[in-house]
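Number of protein chains: 2
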Amino acid sequence: MYELFFKKLNEKVSFTQEEQDIIRDYLTPKKIRKRQYLLQEGEVCKMIAFVEKGALRSYSVDEKGNEHIIQFALEGWTISDLYSFLTGEPATYNIDALEDSELVLISKSAQEEILKKCPKYETYTRLQVTGAYLAMQKRLTSIISQPLEERYNSFINLYPDIVQRVPQHMIASYMGLKPETLSRLRKKIAEK
Amino acid sequence: MYELFFKKLNEKVSFTQEEQDIIRDYLTPKKIRKRQYLLQEGEVCKMIAFVEKGALRSYSVDEKGNEHIIQFALEGWTISDLYSFLTGEPATYNIDALEDSELVLISKSAQEEILKKCPKYETYTRLQVTGAYLAMQKRLTSIISQPLEERYNSFINLYPDIVQRVPQHMIASYMGLKPETLSRLRKKIAEK
DNA sequence: AAAAAACATTGACCGAAATCAATTAAATGT
DNA sequence: ACATTTAATTGATTTCGGTCAATGTTTTTT
Numbered sequence: 001m002y003e004l005f006f007k008k009l010n011e012k013v014s015f016t017q018e019e020q021d022i023i024r025d026y027l028t029p030k031k032i033r034k035r036q037y038l039l040q041e042g043e044v045c046k047m048i049a050f051v052e053k054g055a056l057r058s059y060s061v062d063e064k065g066n067e068h069i070i071q072f073a074l075e076g077w078t079i080s081d082l083y084s085f086l087t088g089e090p091a092t093y094n095i096d097a098l099e100d101s102e103l104v105l106i107s108k109s110a111q112e113e114i115l116k117k118c119p120k121y122e123t124y125t126r127l128q129v130t131g132a133y134l135a136m137q138k139r140l141t142s143i144i145s146q147p148l149e150e151r152y153n154s155f156i157n158l159y160p161d162i163v164q165r166v167p168q169h170m171i172a173s174y175m176g177l178k179p180e181t182l183s184r185l186r187k188k189i190a191e192k
Numbered sequence: 001m002y003e004l005f006f007k008k009l010n011e012k013v014s015f016t017q018e019e020q021d022i023i024r025d026y027l028t029p030k031k032i033r034k035r036q037y038l039l040q041e042g043e044v045c046k047m048i049a050f051v052e053k054g055a056l057r058s059y060s061v062d063e064k065g066n067e068h069i070i071q072f073a074l075e076g077w078t079i080s081d082l083y084s085f086l087t088g089e090p091a092t093y094n095i096d097a098l099e100d101s102e103l104v105l106i107s108k109s110a111q112e113e114i115l116k117k118c119p120k121y122e123t124y125t126r127l128q129v130t131g132a133y134l135a136m137q138k139r140l141t142s143i144i145s146q147p148l149e150e151r152y153n154s155f156i157n158l159y160p161d162i163v164q165r166v167p168q169h170m171i172a173s174y175m176g177l178k179p180e181t182l183s184r185l186r187k188k189i190a191e192k
C-alpha cells in the first residue's frame, strides 16, 4: 500500500525502510467517488491529500457562481487548501474528485509527529512546496506574458494526461477562459 | 548590520545569538543603484537577495520586447530567480533596482554551509517558500477570478507601499495590463 | 535653469473574449 | 436500450482591453 506515495517521497529524499515504516503509521487511506467532495469552502482543511490513483481538482466559486479551477491533481500529485491547513482558517477552495480516486491523507498532527520522529521529512515538505511554487510561477508567467494560443499549446505539452482525462470546460476554467472561447481556439488551431 | 534580515528570520523561527553569528558569517552585503541589474536573463542566478532597504523587481521580456513584471521586492522581501538558483540553468528573469538599495546576498554554497551548521535554518527556508507560494496562489486566483476593478482594489489594499513607490506602468505590467488601461481604470475609480 | 528622458493621460479605432442563445453530441443513470 | 443530464459547438452581438498617436506632466541629467 501507498506505493506511489513512497516512490515519490524517495525521489525527493531517500528514506530507510525503518523511517518509511514510521511514516506509514501516520498515513490514512481514503477512497473517494467521482463528484464527491474532499473539502468544501468554509470548512477547515484538516488533511493534505496525495493522489495514489484518480484525479481531483481544487476550485473557487465567485459571487456569480462561476467556478475557477486552481489546480488539478492526478496520480502522484498532492492537493489541499494549504492556507486553511496551516492557519486553521475556513477554506476558500473546494476540492472534489473528477474520477473515482484513491488518496493518502496526512493530518496536521500526523505531519507534526512524523517531523518529530523523522526530521528528514522536513526536507521532503520543503522540496514539495518549492516544486509547487516553481510550477505556479511558471503558470503565472505564462498567463501574464504569453498569447492565448501559445499558452494552450504549452499546457497540452506540459500536461497531455490532463487534456485526455479532464472535460474541456474545466481546462478552460483553469486557463481563465469561457468554454466557448476554448472551443473556438481549438477549432482555429485544428484548421492550421 | 543585517538588522532587518535577522528580524524577519526570527519572526519565522527563533535563533540563538550563537546561531545568528554563524549565519552572519555567510552573508554578503551589497549596495545597488537604481536601474542597476542584479541579474540578467541568460546568466545563472548565483544569489538569493534579501532587501534591507530599497526596492527591486523581477521581470521577463517577451519576443516583442514587452516587459512582464513577476515580482516586486521592498524592504524585508526576498528576490531571486529561484529556478535558476536551484538548478543552475540560465535565468529567464531579469532583476533590477527601482531605487538605490541595500541587499543581503546568500550564495548557494553559503546556504549549504548554514544548513550544515544550523539545521534549524531549513525550517526558515521552508516557511519562506511556503509564504511565497501562498502569496502567489492568491495572486493567481485573483487574476483568474476577479474582475479588473476589484483586482486593482485588492492590490492597493494589500500593497499600499508599492503603489506609493513604484511607477504606475510597472503596476500595470504586474497586473498584466497596458499602462493606458490602468490609467483609464484609475480615472473610472476616481470618478465614483 | 534648461534640456532630455521617462511617465501619465486622453482620444479614436480595432480586435479578442464574453455573453446570450440555440443546437448537436456525448456520457451517465435506470 | 432509452431517457436524462452534462458537455461541446456554432452564431450573433456586446464589452472590455489593446493599439496607435498625440499631448501634457513629472523626473532626471547636465
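Note that the protein sequences, when read in sequence, are chains P and D.
The numbers in full-length UniProt numbering rise by one with no breaks, and the one at position 38 of the first sequence is 38.
The numbers in full-length UniProt numbering rise by one with no breaks, and the one at position 64 of the second sequence is 64.
Don't be surprised by glycine CBs; every beta carbon is placed ideally from N, CA and C.
Contact criterion: CB-CB distance below 8 Å. Does residue i meet it with respect to chain P?
| i | result |
| --- | --- |
| Q36 of chain D | no |
| S154 of chain D | no |
| Y159 of chain D | no |
| E122 of chain D | yes |
| D62 of chain D | yes |
| H169 of chain D | no |
| V163 of chain D | no |
| T130 of chain D | yes |
| S80 of chain D | no |
| T181 of chain D | no |
| S107 of chain D | no |
| S145 of chain D | yes |
| Y133 of chain D | yes |
Could you check if residue i is buried or exposed, using at least 16 other CB atoms within 10 Å of its CB as the buried criterion?
| i | result |
| --- | --- |
| G54 of chain D | buried |
| Q128 of chain P | buried |
| I106 of chain P | buried |
| T130 of chain P | buried |
| N94 of chain P | buried |
| Q17 of chain P | exposed |
| I79 of chain P | buried |
| Q71 of chain D | buried |
| I189 of chain D | exposed |
Looking only at its chain, what residues have a beta carbon closer than 6 Å to the beta carbon of residue i, apart from the 5 residues adjacent to it on each side?
| i | result |
| --- | --- |
| H169 of chain D | P179 |
| P119 of chain D | none |
| Y174 of chain P | I69 |
| W77 of chain D | V51 |
| E19 of chain D | C118 |
| E43 of chain P | A91 |
| A110 of chain D | Y26 |
Here's a check: name, in chain order, each residue in its chain whose Cβ is nearer than 8 Å to the Cβ of residue i, leaving out the five neighbours to either side.
| i | result |
| --- | --- |
| T92 of chain D | E41, S60, D81, Y83, S84 |
| K117 of chain D | I22 |
| S154 of chain P | S142, Q146 |
| L182 of chain P | Y152, Q168, H169, I171, A172, M175 |
| G88 of chain P | V44 |
Should residue i be flagged as near chain D, meaning a C-beta pair shorter than 8 Å?
| i | result |
| --- | --- |
| R126 of chain P | yes |
| M136 of chain P | yes |
| R139 of chain P | yes |
| Y26 of chain P | no |
| Y83 of chain P | yes |
| I70 of chain P | yes |
| G88 of chain P | no |
| G176 of chain P | yes |
Indicate whether residue i and residue j have their beta-carbon atoms separated by less than 8 Å.
| i | j | result |
| --- | --- | --- |
| I171 of chain P | G176 of chain D | no |
| Y26 of chain P | E122 of chain P | no |
| D96 of chain D | R57 of chain D | yes |
| E149 of chain P | L185 of chain P | yes |
| L4 of chain D | Y124 of chain D | no |
| Y159 of chain D | Y133 of chain P | no |
| L74 of chain P | D161 of chain P | yes |
| V166 of chain P | I156 of chain P | no |
Could you pull out every residue in the same chain whose Cβ sits closer than 7 Å to the Cβ of residue i, ignoring the five residues on either side in sequence?
| i | result |
| --- | --- |
| E63 of chain P | none |
| E67 of chain D | Y59, V61, S173 |
| R24 of chain D | Y2 |
| I32 of chain D | L38, A97, S101, L103 |
| G65 of chain P | none |
The stretch 137 to 154 of chain D / the stretch 42 to 58 of chain D touching (three or more Cβ pairs under 8 Å): Segments in contact, no.
Whether or not the stretch 100 to 116 of chain P and the stretch 31 to 40 of chain P are in contact is what I'm after, with contact meaning three or more pairs of Cβ atoms, one per stretch, closer than 8 Å; do they touch? Touching, per the Cβ criterion.
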